[in-house]
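From first to last, the protein sequence lines are chains A and B. Position one of the first sequence corresponds to residue 1 (the UniProt record's numbering), numbered consecutively onward. Position one of the second sequence corresponds to residue 1 (the UniProt record's numbering), numbered consecutively onward.
2 protein chains.
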Amino acid sequence: MTAAALSAGPLAEADLDVVELTRRVCDLESVSGDEAALADAIEAAVRSWGLDVMRDGDAVVARTVLDRPERVVLAGHLDTVPLADPPNLPVRREEHPQDGDVLVGRGTCDMKGGVAVQLVLARELGQAVAAGRGPSRDVTFVFYDNEEVEAARNGLGRLARNHPDLLRGDFAILLEPSSAVVEGGCNGTLRVEVVTSGRAAHSARAWRGHNAIHDAAEVLDRLRDHVPREVEVEGLVFREGLNAVKVEGGIAGNVIPDRCVVTVNYRFAPSADVAAAEAYVREVFAGLEVHLTDAAAGALPGLDRPAAADFVARTGTEPLPKYGWTDVARFSELGVPAVNYGPGDNATAHADDERCRVEELHRCLAVLSEWLLADGPARGGDR
Amino acid sequence: MTAAALSAGPLAEADLDVVELTRRVCDLESVSGDEAALADAIEAAVRSWGLDVMRDGDAVVARTVLDRPERVVLAGHLDTVPLADPPNLPVRREEHPQDGDVLVGRGTCDMKGGVAVQLVLARELGQAVAAGRGPSRDVTFVFYDNEEVEAARNGLGRLARNHPDLLRGDFAILLEPSSAVVEGGCNGTLRVEVVTSGRAAHSARAWRGHNAIHDAAEVLDRLRDHVPREVEVEGLVFREGLNAVKVEGGIAGNVIPDRCVVTVNYRFAPSADVAAAEAYVREVFAGLEVHLTDAAAGALPGLDRPAAADFVARTGTEPLPKYGWTDVARFSELGVPAVNYGPGDNATAHADDERCRVEELHRCLAVLSEWLLADGPARGGDR
Chain A
1 MTAAALSAGP LAEADLDVVE LTRRVCDLES VSGDEAALAD AIEAAVRSWG
51 LDVMRDGDAV VARTVLDRPE RVVLAGHLDT VPLADPPNLP VRREEHPQDG
101 DVLVGRGTCD MKGGVAVQLV LARELGQAVA AGRGPSRDVT FVFYDNEEVE
151 AARNGLGRLA RNHPDLLRGD FAILLEPSSA VVEGGCNGTL RVEVVTSGRA
201 AHSARAWRGH NAIHDAAEVL DRLRDHVPRE VEVEGLVFRE GLNAVKVEGG
251 IAGNVIPDRC VVTVNYRFAP SADVAAAEAY VREVFAGLEV HLTDAAAGAL
301 PGLDRPAAAD FVARTGTEPL PKYGWTDVAR FSELGVPAVN YGPGDNATAH
351 ADDERCRVEE LHRCLAVLSE WLLADGPARG GDR
Chain B
1 MTAAALSAGP LAEADLDVVE LTRRVCDLES VSGDEAALAD AIEAAVRSWG
51 LDVMRDGDAV VARTVLDRPE RVVLAGHLDT VPLADPPNLP VRREEHPQDG
101 DVLVGRGTCD MKGGVAVQLV LARELGQAVA AGRGPSRDVT FVFYDNEEVE
151 AARNGLGRLA RNHPDLLRGD FAILLEPSSA VVEGGCNGTL RVEVVTSGRA
201 AHSARAWRGH NAIHDAAEVL DRLRDHVPRE VEVEGLVFRE GLNAVKVEGG
251 IAGNVIPDRC VVTVNYRFAP SADVAAAEAY VREVFAGLEV HLTDAAAGAL
301 PGLDRPAAAD FVARTGTEPL PKYGWTDVAR FSELGVPAVN YGPGDNATAH
351 ADDERCRVEE LHRCLAVLSE WLLADGPARG GDR
């Protein structure tokens, strides 16, 4: 290891492959709110590779600035949910009965595998620019903090407020685990409280009161009988969902309850805005007391944009709809079409046996590297 | 005030009427667990009147021991629910728009009015015995602590465990507020948890889980559609009740809940024992997961016993069923038929404007005094 590489930190060495980089990124523990050490290491590495770097809190933005006609943004979050007890670090490489050759440990899937892919790409781009073989598109790498916690702390949201210019681009890829398949757009989400009201009384003389929990039967009946819609948007079929996520009522073991609150989460296709989604929920619960508590619009897939279509063709896979709300919606709000595309099966995220297939690390990297570093048009692309 | 009366405390003076005694008992604050000062004052007073006295914790038992063929037990609790803030002491006497001449303040209704009636009777009995005009029945007065809190702390329950002999009698009257009408027996009460189980999943992909709250629709449907029974027992019609008193489910705002628990309170007529009542509830929720959490049998009115029939006739009122579970059930368990009969409208108990009609204080005292101190048979009685 050279002195220069040493001063550039543990992620900067030129011979680290994506598997070893995933290990190292994972082994720099970074539970939400505690991403500073990892952000420092990433900042040092991308600076050493000659990229234009900006730091905001524990978010790092690294860019090529080549005045290319098109800019692509690659983004990933640095934080993980807390480690299981006992800690499952360091990351292990092992043979999994179903998944074969995998890295196992907190963050391997969600989403330090994706961060490692970003880092290799940043290094390769830095080397290409230094060698005068600059890419055909400018690229922005965004590494951000606090994705796994409440929205107000989200580092990508903070960047969008403080430096919206740094997130601009023609197309964005969020390297969230998607099993190396393009997942387009995302469903919106909103929550309402459906409230029933009664009159308290001693339960020994129930006829003097009115039982609000019994009235909630009507709320649960409608939820149970509701058939979620499937909505086609830009060729992708988004499955919706309308679900009670909480129910709460009751004063004491001998009192007729005067209030019951059912909290309902509606996941709605990105073709509807929040107002339309709220209207739909109010229609389902017509005649009942409904309060909107929070809402976030979904994101349209935007797969008809040239850069997006080109990229999808490059992956050689059929895009799927993304059901969960993700930070692609923040790009969508900035007018940047965005998709999820990254290594790892989301089903193992946050799990005790969180893992990522090594093959997916290599494949994601290869697809992105070929797309970003090749000069010619994509195979099958029609730009 | 004589020196002897002073040493016997604030409740012992021979010229205190039932209204003034109610005031004084109320003004000795005694929220559950803090009854010692009031118990001390009562113990000193009943000792000064020459009764046989036993103290157990903050319960006081005072008796005549005249070897009469029949013994009557009069019982009342000393504690109140906490005072409102600011404290509504001292008690006020005022003209109420509906109720006329009333005492207003914490404890006036539940049940220091009844305790004051007990005290005047104890004093009169002591005087009668001293004067060689002993009553035709022996009388036991029970003043006990912690009725307003969890059953395990109940002073009458503790006496029943430590000194069951002291509670024996042919008939017991609990001076709980009953608007000066005999309320016979009491309903039993049990609680069950009706549990629905599902499978947790992210609410963005609800189809991978199973919503336990939606399944609880079936539980609430059955409760809503249930028609409570009315059961005639010894000529009294007991209204039953089957009510959700709590519902709880939900993990997080984005998770399909895997468990929902509806707590149901069943108030059942005293003709059924706990096993029969539990079987009835299990029938209502057939096919669902049901757990019994607590149960207490009711109490049969026992109005056909001679002492009971005699007393009821003496009151000149038609007895009513008691719906709420009360400590009469503890006497019932000891084989002592018991009724509720005391001053105060139970509807104002625990309320900020808790109050007791002065006329009811005088009437309850007159009825009991005439019954216990007269030598001849009761009017209309058939002993």
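Note that CB positions come from ideal geometry on N, CA and C, so glycine has one too.
Nonlocal neighbours in the same chain, by C-beta distance under 7 Å from residue i, ignoring five residues either side
i              : result
V367 (chain B) : R314, T315
E94 (chain B)  : V102, V104
K112 (chain A) : T22, V25, C26
R355 (chain A) : H96, D99, V102, L103, V104, T108, C109, T348
V312 (chain A) : V182, L303, P319
R330 (chain B) : L156, G157, A160
E124 (chain A) : S369, L373
N340 (chain A) : L174, E176, S178, E183, K322, T326, V328
A12 (chain B)  : A5, A44, A45, S48
Residue i: first and last residue of the uninterrupted alpha helix (DSSP H) it sits in
i              : result
N254 (chain B) : Element bounds for N254 (chain B): n/a, residue is neither H nor E.
G126 (chain A) : 113-130
R205 (chain B) : Counting along the chain, R205 (chain B) falls outside any alpha helix (DSSP H), and DSSP gives it neither H nor E.
D101 (chain B) : Here D101 (chain B) belongs to no alpha helix (DSSP H); instead the beta strand (DSSP E) covers 100-104.
V358 (chain A) : 358-373
N162 (chain A) : 155-162
A309 (chain B) : 306-315
L223 (chain B) : 212-225
E13 (chain A)  : Segment: none, E13 (chain A) is in no alpha helix (DSSP H) and carries neither H nor E.
A347 (chain B) : Segment: none, A347 (chain B) is in no alpha helix (DSSP H) and carries neither H nor E.
8 Å contact criterion, which residue i and residue j should meet: CB distance rounded
i              : j              : result
R357 (chain A) : D99 (chain A)  : 5 Å
V261 (chain A) : V192 (chain A) : Not quite, the Cβ-Cβ distance comes to about 10 Å (not below 8 Å), so this is no contact.
N265 (chain A) : S32 (chain B)  : Going by Cβ atoms, the distance from N265 (chain A) to S32 (chain B) rounds to 42 Å, so no, they are not a contact pair.
G344 (chain B) : E359 (chain B) : Rounded, the Cβ-Cβ distance is 11 Å, inconsistent with contact.
C186 (chain B) : T317 (chain B) : No, C186 (chain B) and T317 (chain B) are not in contact; Cβ-Cβ is about 18 Å, not under 8 Å.
A172 (chain A) : V73 (chain A)  : 4 Å
P135 (chain B) : L373 (chain B) : 6 Å
P337 (chain A) : A308 (chain A) : 5 Å
G9 (chain B)   : A44 (chain B)  : 4 Å
A217 (chain A) : A217 (chain B) : 6 Å
V281 (chain A) : A299 (chain A) : That belief does not hold up - the Cβ atoms of V281 (chain A) and A299 (chain A) are roughly 20 Å apart, past 8 Å.
Enclosing beta strand (DSSP E) for residue i [first to last residue]
i              : result
Y280 (chain B) : First-last for Y280 (chain B): 274-284, but that is the alpha helix (DSSP H), not the beta strand (DSSP E).
H96 (chain B)  : 92-96
R47 (chain A)  : Counting along the chain, R47 (chain A) falls outside any beta strand (DSSP E), though it belongs to the alpha helix (DSSP H) covering 36-48.
R55 (chain B)  : 52-56
L59 (chain A)  : Per the sequence presented here, residue 59 (chain A) reads as Ala, with Leu not at that position. Here the beta strand (DSSP E) through A59 (chain A) covers 59-63.
Residue i - partner residues in DSSP beta bridges
i              : result
P321 (chain A) : A:G184
A338 (chain B) : B:A172
A296 (chain B) : B:T189
R239 (chain A) : A:E230
H77 (chain A)  : A:Y144
V149 (chain B) : Its beta-bridge partners do not exist; DSSP assigns none.
C26 (chain B)  : None; C26 (chain B) has no bridge partner.
V290 (chain B) : B:V194
A244 (chain A) : A:V264
V31 (chain A)  : A:T80
G249 (chain B) : A:V247, B:C260
R355 (chain A) : A:V104
V328 (chain B) : Answer is none; V328 (chain B) lacks a bridge partner.
D138 (chain B) : B:R71
Contact set for residue i: own chain, Cβ-Cβ below 8 Å, skip 5 residues either direction
i              : result
N211 (chain A) : G198, I256, P257
L334 (chain A) : A160, P164, L167, R168
V274 (chain A) : G188, L190, A295, A296, A297
H226 (chain A) : L242, V284
P90 (chain A)  : R23, C26, D27, G105
Cut-off 6 Å between Cβ atoms - residues of its own chain near residue i, not counting five sequence neighbours on either side
i                     : result
L220 (chain A)        : none
V247 (chain B)        : V262
N243 (chain B)        : N265
G126 (chain A)        : W49, G50, L51
residue 384 (chain A) : Coverage of chain A is limited to positions 1 through 383, which leaves residue 384 (chain A) absent and any answer about it impossible.
A37 (chain A)         : L28
L288 (chain B)        : V194
9 Å Cβ cut-off: residues of chain D touching residue i
i              : result
S369 (chain A) : Protein chains in the displayed structure are A and B, and chain D is not among them.
Determine contact between the segment 57-66 of chain B and the segment 134-148 of chain B, defined as no fewer than three beta-carbon pairs at a distance below 8 Å.
Contact holds: three or more Cβ-Cβ distances are below 8 Å.
For the segment 229-241 of chain B against the segment 321-328 of chain B, are there 3 or more C-beta pairs whose distance is under 8 Å?
With the cut-off at 8 Å, the segment 229-241 of chain B and the segment 321-328 of chain B touch.
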